[in-house]
Structure formats: structure tokens, C-alpha cells
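A.B. asks:
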Amino acid sequence: MENVIIIGAGVAGLSTAYRMIERGYNRLVLLEALDLVGGLSRSIKHDGYTFDLGAHQIHTENKTVIDFLDKILGKDLLRLNKKASHVFLGRYLNYPLGIKDILFCLPLYISAPCFLSFLKQTIKNVFIQKKEDSCESWMISHFGKKMYEIYFKPYTRKVWGKPPSELDALVAKERVAVEDLIDVLLAAFSRRIVRYKNHYHLPHSPYQKMFYYPKYGVGQLSDLMSDFIQSKGGKLYLNSSVVSLGHDGNGYKATTKDGSVYQGDVVVSTIPITRLKDILASSRGGEKPEETLEFRSLTFLFLDVKKDSISDNHWIYFPDKDCVFQRVTEPKNFSPYLVPRGHSSVCVEIPCDYKDEVWNMDLKELYETVIIKMEQKGYLKRENVQQFWVTRERYAYPTNTLSFVSQLKAIKNYIGTFPHLYSIGRQGNFSYVNIDDVMLMGFETAEQIVRSGVAS
Ligand SMILES: Cc1cc2nc3c(=O)[nH]c(=O)nc-3n(C[C@H](O)[C@H](O)[C@H](O)COP(=O)(O)OP(=O)(O)OC[C@H]3O[C@@H](n4cnc5c(N)ncnc54)[C@H](O)[C@@H]3O)c2cc1C
């Protein structure tokens, strides 16, 4: 019998297993639903091309994470300078987009009302307490109504499939860089000084931000972790979706889709917390809390491009509401090893809901919908595209609706009634976290298990 069952071989599950093995515990089994490891941070290969699921930069200043990346990837750990843009109202703007870009890079008839509205809101905030009880009120109180209407509202709606009034303020707090009036005025002044220098010298330039990336795709990190775990006796079973999980007073029994049964004393689950609630319920005669949580899905269209380069950006956002995609990534700009020589490629991220119109679109129709807009926006011509593929991810983003805090609490309380069960990771903890965060969650969970003395 294995002692620790880890459900899901994404970064969180692999990090837990890795640290357990480093601490001398190898009686563990990783059960993964897909036929490869990495989860959302996997890399998919097609005809000599390697695609991540959208842009995956590892941005961290945490020494534990950096040391770990160095140890596992060695000379394959690249350090890159981020280059990203927005294409908004037909113009290329900086990323992350700030009020400065709206004010200085867009035509006056758009920027002037935005600035006045921003000014009005800034003054209002001095006298009236800021209202920040939803994503909408947060954005308005930080940027003014006009900028909210032209930029934040349509973009948020596209990414989350809901108006910002139905989302928690956390969505904005976690994703939007705030600039205050002083910032903007300083930018106006410094812009005059640095006008003839390049973007790298702009204050707050996102281009100065370095990130880490594995030479052969973000999935290389998970592949190497998985190799280490297995080389030390840890077991990994792919194509092993767990469909039920129960505790009989003595230990856990996890059953996979093909009927295989795994027993253990401790379970670390990294699958969506709502799925965990469902598979646990089978062991309690269907008893489970009614509360549920929403996840936003993504459809990824991968393009094989017969062209040496499309742009020098790592990724470009397309916030305009007239096109279905939210972002395109050019893998070659992360590492030339991700494409055949003389070619480039693109990963297109299309937000959707599970089984909605976009999710159900067949490949050809999806490609047509995308390429028409790419041509209109001057990004890519159809004659340069040779092949295309699609991948869909049901659980891409945990959606922080207005009621998510109470729903999550009820589900966590239920899961808390099971002994030695840890629900961690992006979907397991229902938090909008990144690779470095889930890696630390995995390490910490392993330490907790070791400290608890249950693992042997
Ligand atoms: C479009 C996009 C871009 C991103 N960009 C970045 C970025 O630039 N930088 C960054 O640091 N992070 C980024 N992230 C976040 C990063 O991908 C995640 O934080 C991280 O991969 C989450 O790892 P995890 O192990 O917690 O979860 P997951 O990767 O979701 O792993 C869970 C695993 O469980 C498996 N599973 C599910 N159900 C079952 C079941 N019933 N039985 C067995 N196995 C099951 C899944 O197949 C999966 O492998 C991005 C995410 C997305 C979606």
C-alpha cells in the first residue's frame, strides 16, 4: 500500500511529491487524469512545435523557488526580459496598460474625457470614502467612469464572461496595476524628458521585468520533476482520473475511471475543489454541501506559421470586444527551441464557458473566426498559416463572483471533515495563483505531512 495519494500531476502535485521524496518518503502515488504531466503548465507537442497553454512566464523573487528552478533546470533555465503589448482601438500600447497609455497614446477625443473623469474621481475619493465592493466599483474608484466604460468593462467581460458588477473586487485587485494622479503627472513630465529614448527607459516600464522560463517550454519543469520522483521510487499513473474517494475510518480508497483502486493514509488533492467535493460525496451516500463555485474555461488555438517572426513581443493582448481572443503568444520569442528553424507559431487564448458556443466550435470554424480578426487587425495573414490545432481547458480560471467567499467556506468546511486530506493548488485552493505560488504550496504541504508523522 502507498502511504500518500496525490491527485493531479500539475506543478502543485509534483512539488508535493518532490519535497516528500527529498525528505525521505517515497511511498507515494501520483494519479493524473491526462496522458502527460504539468496540468495547466504542460507543454503540448505538434509536428516539431511546442506550445504552452498561453504565455507562461515564471516571475518570482522568492529564493526558495529560484534555487529550486536553478537546481532542476540548470543551464536550461532562461532569464528573459518581458516584452508585451496591447492592441487597443487599433494602436499598440504598453503592457500592463495604465492610465498613462490611455492619456498619452490614444487620440485626444478619447484621452481628454478619460483624464477629466479620472481627475473628477480622484477628487471625489478625497471627500467620499471609496466604494470597492465589486470589481466594477473598484475599477471606477481607481480609474474614473470613462476609462472603465471604454476599456475595463469590455475587457473584463470578455475574460470572465460576466460584467464587472457581478465579480468580486479581488478580480481587479489581483490583476490591475494602480496608478495615482501623482504617478500620471510624473509620467507626463518624465515622458517629455525621455521622449527620444526607447521604451526601456520609461518609468514603471514593464519591459524591465525579468522572468524565468525553461528552454524547452514550461512543461520541461514538470517533466524533470516527474523524472526525479519516479527515479526515487515514487509512482506515477497517467490516464488515471479519480472518480471516487472515500475514508473508511482506517484510510483512504481512491478509485480511478478504469476501476483501479489505490489505498493510503494521506491524500493531497490538486483537482478543482468542486470536483473533490463531488468525488468525496460518493463515499458519504451522496451527502455534500449545495454550494458551488464557477470556473472560466479557455480554448487554445495553436497556429503553425511559415514565417521567421511575427513580432518581437512575448505576448499581445487584444481587449477590444469585436474579437473573440484575449491574447496571443509567440513561443519563439520565449525560446527558439520551440519551433522548427525558419518558422514561428502562435498560441491564441479564447475565453469561454464549458460547452458554450466557442467551446463547441469545430476546429475549422474556430480558425476562421480567429484568422479573419487577425487579418483585420494587421497581426497575421492567412497565407502564412500552415496548420492549426486546438486544446480546451475547462478549469482555467477560478471565477471570483460576488458570493464566492461564502461558497468556498462551505466547501472547505465539508472537506475539513475528512482526516489528513489537503486540497491545494490553483483549482484546489480556488485561488488565482501562479506556478511559484503552487510550488510553495506543494513544498509546505509536504513539510506539514512530514511534521504530522502520518506518512511513513
Ligand atoms: C492561460 C494561463 C496562463 C498562465 N500564465 C501563467 C504565467 O505566466 N505564470 C505563472 O506562474 N502561472 C501562470 N498560469 C498559472 C499556472 O498555470 C497555474 O498556477 C499552475 O499550473 C497550477 O498548477 P496546479 O498543479 O495547482 O493545478 P493544475 O495545473 O490545474 O493541475 C491539476 C492536475 O490535476 C489533474 N486532474 C484533474 N482532475 C483529476 C482527477 N479527477 N483525477 C486525476 N487527476 C486530475 C489535471 O489534469 C491537472 O494535471 C497560467 C494559467 C493559465 C490558465
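Numbering (numbering that gives the first Met the number 0), first residue to last: 0 to 455.
Glycine residues also receive a C-beta, built at the ideal position from the N, C-alpha and C atoms.
All of these numbers come straight from a predicted model, not from anything done at the bench.
For Ala83, which three-state DSSP category applies?
C.D. replies: It is a strand residue.
A.B. asks: Closer than 8 Å is the cut-off here; do at least three beta carbon pairs connect the stretch 280-287 with the stretch 384-392?
C.D. replies: Taking 8 Å as the limit for Cβ pairs, the verdict is that the stretch 384-392 does not touch the stretch 280-287.
A.B. asks: Would you identify the three-state DSSP class for Asp355, choosing helix, strand or coil?
C.D. replies: Note: Asp355 maps to coil in three-state DSSP.
A.B. asks: Ile434: beta carbon under 6 Å from a heavy atom of ligand 1?
C.D. replies: Checking every heavy atom of ligand 1 against the Cβ of Ile434, one is found closer than 6 Å.
A.B. asks: In three-state DSSP terms, what is Ala395?
C.D. replies: Looking at Ala395 - three-state DSSP - the assignment turns out to be strand.
A.B. asks: Thinking just about the alpha-carbon of each residue, which of Arg274, Cys346 and Val437 is nearest to the one in Leu52?
C.D. replies: Of the listed residues, the one whose Cα sits closest to Leu52 is Cys346.
A.B. asks: Residues in its own chain within less than 8 Å of Ala82 by CB, not counting five upstream and five downstream?
C.D. replies: In the sequence under discussion, the amino acid at residue 82 is Lys, which differs from the Ala named in the question. Excluding positions up to five away in sequence, the list reads Tyr206, Asp311, Asn312, His313 and Asn332.
A.B. asks: Between the alpha carbons of Lys276 and Phe417, how many angstroms are there, rounded?
C.D. replies: Each residue's alpha carbon lies about 11 Å from the other.
A.B. asks: Touch check for the stretch 393-412 and the stretch 423-441: three-plus C-beta pairs under 8 Å?
C.D. replies: Contact holds: three or more Cβ-Cβ distances are below 8 Å.
A.B. asks: Along the chain, which unbroken stretches of the beta strand (DSSP E) at least 3 residues long are found entirely within the stretch 36-92?
C.D. replies: Here the runs fully enclosed are 42-45, 48-51, 76-80 and 83-87.
A.B. asks: How about Ser40: is its Cβ closer than 6 Å to a heavy atom in ligand 1?
C.D. replies: Yes; taking the cut-off as 6 Å, the Cβ of Ser40 has a heavy atom of ligand 1 nearer than that.
A.B. asks: If you drop the 5 nearest sequence neighbours on each side, which residues of the same chain put their C-beta closer than 8 Å to that of Glu374?
C.D. replies: The answer, listed in chain order, is Lys380 and Arg381.
A.B. asks: Under the assumption that Ser239 contacts Ala32 (Cβ atoms under 8 Å), give the Cβ distance between them as a whole number of angstroms.
C.D. replies: Confirmed, about 7 Å.
A.B. asks: From the DSSP output, which residues share a beta bridge with Cys346?
C.D. replies: DSSP lists Phe301 and Thr328 as partners of Cys346.
A.B. asks: Roughly how many whole angstroms lie between the Cα atoms of Asn249 and Ser221?
C.D. replies: Spanning the two alpha carbons is a distance of roughly 32 Å.
A.B. asks: For Ala456 and Arg425, what's the separation of their Cα atoms in angstroms?
C.D. replies: In the structure as shown, the chain begins at 0 and stops at 455. Residue 456 is therefore absent and cannot be evaluated.
A.B. asks: Quick check: what's the CA-CA separation for Leu341 versus Ile20?
C.D. replies: The displayed chain sequence assigns Gly, not Leu, to residue 341. Their Cα atoms are separated by approximately 42 Å.
A.B. asks: Are there 16 or more other CB atoms within 10 angstroms of the CB of Asp264, so buried, or fewer, so exposed?
C.D. replies: By the 10 Å Cβ count, Asp264 comes out buried.
A.B. asks: Under three-state DSSP, which class holds Ile309?
C.D. replies: Three-state DSSP puts Ile309 in coil, outside helix and strand.
A.B. asks: Within 10 angstroms of its Cβ, does Thr291 collect 16 or more other Cβ (buried), or is it exposed?
C.D. replies: The residue is exposed, with fewer than 16 neighbouring Cβ atoms inside 10 Å.
A.B. asks: Quick one: Cα of Asp352 to Cα of Ser455, how far?
C.D. replies: If you take the alpha carbons of Asp352 and Ser455, they lie about 42 Å apart.
A.B. asks: Taking Phe442 and Arg18 to be in contact with their CB atoms under 8 Å, please state how far apart those CB atoms are, rounded to whole angstroms.
C.D. replies: So it is a contact: roughly 5 Å between Cβ atoms.
A.B. asks: Return helix, strand or coil for Tyr251, following the three-state DSSP convention.
C.D. replies: Three-state result, Tyr251: strand.
A.B. asks: Taking the alpha carbon of Ser164 as the reference point, which residue from Ile149, Trp137 and Lys172 has its own alpha carbon closest?
C.D. replies: The option with the nearest alpha carbon to Ser164 is Trp137.
A.B. asks: To the nearest angstrom, report how far apart Tyr199 and Lys208 are at their CA atoms.
C.D. replies: For Tyr199, the predicted structure reports a pLDDT of 28, less than 50, and the residue's modelled location is therefore unreliable. A value from the coordinates is still provided. Tyr199 and Lys208: Cα-Cα distance of roughly 10 Å.
A.B. asks: The beta strand (DSSP E) spanning Tyr215 covers which residue range?
C.D. replies: No beta strand (DSSP E) contains Tyr215, which DSSP labels as neither H nor E.
A.B. asks: Thr273: beta carbon under 6 Å from a heavy atom of ligand 1?
C.D. replies: No, the beta carbon of Thr273 sits no closer than 6 Å to any heavy atom of ligand 1.
A.B. asks: Closest by CA to Arg414, which one among Ala168, Leu244, His58 and Leu223?
C.D. replies: According to the sequence provided, residue 414 is Ile. The question's Arg does not apply to it. That would be Leu244, whose Cα lies nearest to the Cα of Ile414.
A.B. asks: Can you tell me whether DSSP reads Tyr199 as helix, strand or coil?
C.D. replies: Note that Tyr199 scores 28 on pLDDT, short of 50, meaning its location in the model is unreliable; the coordinates nonetheless yield the value given after this. Tyr199: helix per DSSP, three-state reduction.
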